[in-house]
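Peer 1:
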């Protein structure tokens with residue numbers, strides 16, 4: 004056999020050597036890395052240009068923003084139509100609406116929109132909640148010319164949490180719609196029943212730039228659009244506008260004000276002499292229950308559990324103590340220390356879902372669960388307008404995110420006080436989560452008191468079916 008040569012044959016002409024192939028691979032990787040770097044640079048340049056166009060490149064410090072917010076809310080002025088003093092609503096509770104003129108609304112919205120929320124906040128969201136919207140302080144630079152001044156002012160009040168609480172936001176929205184309808188004029192070539200719905204939809208879209216609509220607001224808006232769609236074309240526009248304004252007033256009276264009074268008369272029967280009742284945050288209808296029980300001469304005391312960042316329970320404590328009730332105030336971190344003496348828990352609601360889940364201010368589920376473990380009955384006061392067809396099993400799928408900047412204020416009074424995390428945006432490894440609502444399972448709730456009677460959470464679908472068929 005011929006002897007095999009140990010010497011490798013030379014590579015034929017035109018065939019790259021192994022060393023050449025390695026060099027070619029390195030060059031390709033370098034070219035790809037350079038291309039990726041170039042794309043990132045172009046993306047950053049586009050983002051910077053977009054921020055510059057929106058006027059968000061020059062942000063004032065948080066202290067200046069807080070001062071501007073306080074000053075804008077403290078300016079006296081005549082209240083814009085439809086956005087005046089609104090009564091408190093149940094569920095997460097409310098603060099009274101301050102006097103805000105349309106001019107102040109525009110300037111304040113612009114200040115808050117440019118200073119508080121920048122595009123970088125979207126990159127600082129917690130991964131599990133990235134699909135949720137972050138509450139934004141909308142500016143008016145991009146507001147369409149047909150947005151009514153009452154809607155501009157109301158958007159400011161929503162964004163600054165001056166109007167807070169499901170019922171209060173619904174009432175204030177309907178009042179603003181009354182003003183919009185009064186000032187509406189049907190364009191030539193169309194009818195009121197067709198054009199007014201589109202006009203209101205644009206107002207609603209602008210309202211949603213401040214905060215998502217509450218369940219109560221959604222139910223009321225669907226009702227209003229239905230009423231507009233059945234307006235007869237045989238009546239004049241003046242008659243149609245007057246009729247719609249009266250219907251809105253009737254809706255507010257029947258679904259919110261009268262409903263609250265009926266709930267109060269029913270819920271007060273659950274209070275006995277010597278009771279120590281715990282409530283969470285602030286619900287206006289629960290507050291009315293306590294005041295009515297005190298007027299009837301029932302001797303009892305109230306423990307108000309509160310939480311950041313809104314500290315809504317402070318207003319309830321102030322009102323109840325001024326009325327002569329014995330009150331205690333504690334933050335939710337001290338909940339376990341006050342439960343031993345509690346005889347019952349009264350809660351408000353943002354919404355009741357069709358599977359009996361209570362959707363309310365974050366922390367409600369913790370209160371209800373802690374009470375259930377000690378066999379303390381949990382009673383929820385809720386108007387039927389807050390009932391929703393939605394089915395939800397967790398607080399992640401659907402919720403609302405507040406501004407992370409709201410967590411920076413460590414003050415316990417009205418004067419803002421930035422904490423040690425005021426420069427949190429500059430810390431790459433830090434993300435803040437300000438989630439506004441949670442879900443309470445129906446097994447933690449003994450009964451729900453509504454204007455149609457007291458019922459267990461399992462009976463909620465029956466009320467929803469009756470409400471939808473009405």
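In this note's numbering, the protein residues as written are 4 to 473. Where is the CB? At the ideal position from N, CA and C, for every residue including glycine.
(1) Touch check for the region 155-162 and the region 447-463: three-plus C-beta pairs under 8 Å?
(2) I'd like to know if the region 283-298 and the region 310-318 are in contact, where contact means that at least 3 CB-CB pairs between them fall below 8 Å.
(3) DSSP state of residue 63, grouped into three classes?
(4) Can you have a look at residue 327 and say buried or exposed, based on whether 16 or more other CB atoms are within 10 angstroms of its CB?
(5) Assign residue 36 to buried or exposed, taking buried as 16 or more other Cβ atoms, counted over all protein chains shown, within 10 Å of its Cβ.
(6) Measure the alpha-carbon distance for residue 346 versus residue 379 and round it to whole angstroms.
(7) Within the continuous alpha helix (DSSP H) that includes residue 129, where are the two ends?
(8) Quick one: what's got a C-beta closer than 7 Å to residue 394's C-beta in the same chain, skipping five residues either side?
(9) What would DSSP say about residue 234, mapped onto helix, strand or coil?
(10) Buried or exposed for residue 206, going by 16 or more other Cβ atoms inside 10 Å?
(11) Please determine if the region 426-438 and the region 396-411 are in contact, where contact requires at least 3 C-beta pairs separated by less than 8 Å.
(12) Just reading off the beta strand (DSSP E) that residue 361 is part of, what are its end residues?
(13) Reducing DSSP to helix, strand and coil, say where residue 457 ends up.
(14) On the three-pair Cβ rule with 8 Å, is the region 266-280 touching the region 245-252?
(15) If we count the other Cβ atoms within 10 Å of its Cβ and call it buried at 16 or more, is residue 447 buried or exposed?
(16) Bridge partners for residue 173 per DSSP, in chain order?
(17) From the DSSP output, which residues share a beta bridge with residue 421?
(18) Do residue 387 and residue 466 have their CB atoms nearer than 7 Å?
(19) Could you spell out the range, first to last residue, of the alpha helix (DSSP H) harbouring residue 446?
(20) So residue 342 and residue 373 are in contact, right, with Cβ under 8 Å, and what is the actual spacing, rounded?
(21) In its own chain, which residues sit with a C-beta less than 6 Å from the C-beta of residue 304, not counting the 5 before and 5 after it?
(22) Rounding to the nearest angstrom, what Cα-Cα distance links residue 469 and residue 222 in this structure?
(23) For a quick check, are the C-beta atoms of residue 338 and residue 308 less than 7 Å apart?
(24) Just mark residue 453 as buried or exposed, buried being the case when its beta carbon has 16 or more other beta carbons within 10 Å.
(25) Assign residue 471 to buried or exposed, taking buried as 16 or more other Cβ atoms, counted over all protein chains shown, within 10 Å of its Cβ.
(26) Consult DSSP for residue 85 and reduce its assignment to one of helix, strand or coil.
(27) Note down, one range per segment and in chain order, each beta strand (DSSP E) of at least 3 residues found wholly within the region 335-407.
Peer 2: Well, looking at it:
(1) Contact between the region 155-162 and the region 447-463 is absent, with fewer than three C-beta pairs closer than 8 Å.
(2) These segments touch.
(3) Confidence is the limiting factor: at residue 63 the pLDDT is only 48, short of 50, which leaves the residue's position unreliable, though a coordinate-based value still follows. Residue 63 falls in the coil class under three-state DSSP.
(4) Classification for residue 327: exposed.
(5) Exposed is the call here.
(6) Note on geometry: alpha-carbon atoms of residue 346 and residue 379 lie some 6 Å from one another.
(7) From DSSP, residue 129 is part of no alpha helix (DSSP H); its letter is neither H nor E.
(8) Correct list, in chain order: 356, 357 and 358.
(9) Secondary structure at residue 234: coil, using DSSP grouped into helix, strand and coil.
(10) By the neighbour-count rule (16 or more Cβ atoms within 10 Å), residue 206 is buried.
(11) Touching, per the Cβ criterion.
(12) Membership of residue 361 in the beta strand (DSSP E) is indicated by the continuous run 361-364.
(13) Residue 457: strand per DSSP, three-state reduction.
(14) Look at the beta carbons and you see the region 266-280 not touching the region 245-252: under three pairs across the two are nearer than 8 Å.
(15) Only buried fits residue 447, as 16 or more other CB atoms lie within 10 angstroms of its CB.
(16) Here residue 173 is not bridged, per DSSP, to any residue.
(17) DSSP, once it has assigned bridges, lists 412 as partnering residue 421.
(18) Their beta carbons are under 7 Å apart, which means residue 387 touches residue 466 by this criterion.
(19) Neither: residue 446 is in no alpha helix (DSSP H) and is coded neither H nor E.
(20) That belief holds up - the Cβ atoms of residue 342 and residue 373 are roughly 6 Å apart, short of 8 Å.
(21) So the list reads 279 and 329, once near-sequence residues are dropped.
(22) A straight-line Cα-Cα distance of about 14 Å links residue 469 and residue 222.
(23) Their beta carbons are under 7 Å apart, which means residue 338 touches residue 308 by this criterion.
(24) Counting other Cβ atoms within 10 Å of its Cβ, residue 453 reaches 16 or more and is therefore classed as buried.
(25) Around the Cβ of residue 471, a 10 Å sphere holds fewer than 16 other Cβ atoms; the residue is exposed.
(26) Model confidence at residue 85 stands at a pLDDT of 39, short of 50, so the residue's coordinates are unreliable; what they give is reported in the following sentence. In the three-state scheme derived from DSSP, where H, G and I count as helix and E and B as strand, residue 85 is classed as coil.
(27) Under the rule that a run must span 3 or more residues, the beta strand (DSSP E) segments found entirely inside the region 335-407 read 347-350, 361-364 and 381-384.
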